[in-house]
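Here the protein sequences line up with chains A and B, keeping their order. In case it helps, our numbering puts the first sequence at residues 123 to 238. In case it helps, our numbering puts the second sequence at residues 143 to 303. From the three backbone atoms N, C-alpha and C, an ideal C-beta is built for every residue, glycine too. The structure appears right after this line, and notes come after that.
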Amino acid sequence: MNLKDSNLEITLQEGPKNIVAWIGKSEARDPSSVIIPYFKQIFNKLKGKELEIKFEQLKYMNSSTVPPIIQLIKDLEENSVTSTITYDKNSKWQVASFKALETIVRTMDHITVKGV
Amino acid sequence: MNDNKEVKIHLSIKPTWSILKEVHEKTETFLKNKNFKIDFIEATIMCGAELVENAIKYGSEDEGHSIITFDLTTHEGEVVITVTNGIKDEKDALNVKTHIDKVKRTDDPGKLYTERLMELMENPKPGVSQLGLYRIAYEGEFKLDYIFKNKLLSVIAQRKY
Chain A
123 MNLKDSNLEI TLQEGPKNIV AWIGKSEARD PSSVIIPYFK QIFNKLKGKE
173 LEIKFEQLKY MNSSTVPPII QLIKDLEENS VTSTITYDKN SKWQVASFKA
223 LETIVRTMDH ITVKGV
Chain B
143 MNDNKEVKIH LSIKPTWSIL KEVHEKTETF LKNKNFKIDF IEATIMCGAE
193 LVENAIKYGS EDEGHSIITF DLTTHEGEVV ITVTNGIKDE KDALNVKTHI
243 DKVKRTDDPG KLYTERLMEL MENPKPGVSQ LGLYRIAYEG EFKLDYIFKN
293 KLLSVIAQRK Y
């Protein structure tokens with residue numbers, strides 16, 4: 123089940139390891155209003171398996187996109203979903219954004235952030 | 143506006159979300175034509191978009207104060223973006239001033255950004271990030287300043303290239 127909202131697409135590829143990919147641009151006024159319900163809807167499918175969340179194909183996001191990402195990370199940690207968040211290490215904006223995120227997940231047991 | 147500066151992009155914007163596409167596209171086209179590096183272009187687009195988003199969200203809708211102006215200039219190795227809007231609620235202007243004053247006082251805008259992420263982690267509020275100005279300073283490497291006069295708020299972002 124995928125999400126398509128304006129220029130943003132989020133896809134879920136189910137398998138032994140689930141893969142969620144963020145594609146395009148997240149520039150809506152209130153991204154939380156679509157992203158949070160989407161992940162609520164698919165969350166049962168994410169439980170009990172390893173998860174990779176890929177941001178490499180995300181070309182742009184506004185700062186309003188950060189709260190739903192943080193909400194997702196919190197939910198994954200609270201539900202012990204072992205998750206790896208990947209970003210494009212050759213993209214300067216992604217490195218800055220996700221290095222900061224990496225700092226705040228250091229105390230978490232189930233979340234890893236890495237550049238690829 | 144300083145007449146000695148060469149104005150490259152000037153937009154008078156009605157505060158609708160769809161106008162952000164025009165801000166993105168005009169900034170990108172202009173900077174690509176000037177052969178700036180992609181990282182610089184992306185940072186400048188982000189900066190302009192975040193400032194215009196704030197102006198749309200918190201700007202006045204009153205007759206005579208509803209138009210937002212967006213100016214981007216390049217001059218002597220520096221890009222300057224100025225976004226001006228009428229103020230709906232003085233608290234919003236004070237909020238902007240507080241954030242920019244913090245940015246101006248710090249040597250490490252990344253710390254401000256990360257601290258705000260921590261706050262969001264502890265107390266997430268859907269739809270509210272209050273990250274934009276810190277992001278401009280940290281990720282975009284822009285210096286920030288403001289002018290607040292006659293119910294008009296101008297936020298000025300500058301970066302050398």
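Query: Looking only at C-alpha atoms, which of B:Lys176, B:Glu264, B:Ser202 sits nearest to threonine 305 of chain B?; Result: The structure shown does not extend to residue 305 of chain B, since chain B is modelled only from 143 to 303, so the question has no answer here.
Query: Work out the CA separation of valine 222 of chain B and asparagine 144 of chain B for me, nearest whole Å.; Result: With a pLDDT of 43 at asparagine 144 of chain B, under the threshold of 50, the predicted position of this residue should be treated as unreliable, and no value is reported.
Query: If you reduce the DSSP assignment to three classes, tell me which class glycine 228 of chain B lands in.; Result: strand
Query: By the three-class DSSP mapping on this structure, what secondary structure does phenylalanine 178 of chain B have?; Result: coil
Query: Please name the residue or residues paired with glycine 170 of chain A in a DSSP beta bridge.; Result: DSSP output for glycine 170 of chain A lists no bridge partner at all.
Query: Assuming isoleucine 191 of chain A is part of the alpha helix (DSSP H), what are its boundary residues?; Result: 188 to 200
Query: Whose C-beta lies closer than 7 angstroms to the C-beta of histidine 166 of chain B among residues of the same chain, with five residues either side of it excluded?; Result: Ile187, Ala191
Query: Where DSSP assigns a beta bridge to tyrosine 209 of chain A, which residues make up the other side?; Result: A:Gly237
Query: Can a CB atom of chain A be found closer than 7 angstroms to the CB of leucine 214 of chain B?; Result: no
Query: What does histidine 152 of chain B pair with, by DSSP beta-bridge criteria?; Result: B:Asp213
Query: Kindly indicate if chain B contains any beta-carbon less than 7 angstroms away from that of threonine 225 of chain A.; Result: yes
Query: Please tell me whether alanine 218 of chain A has its Cβ less than 7 angstroms away from any Cβ of chain B.; Result: yes
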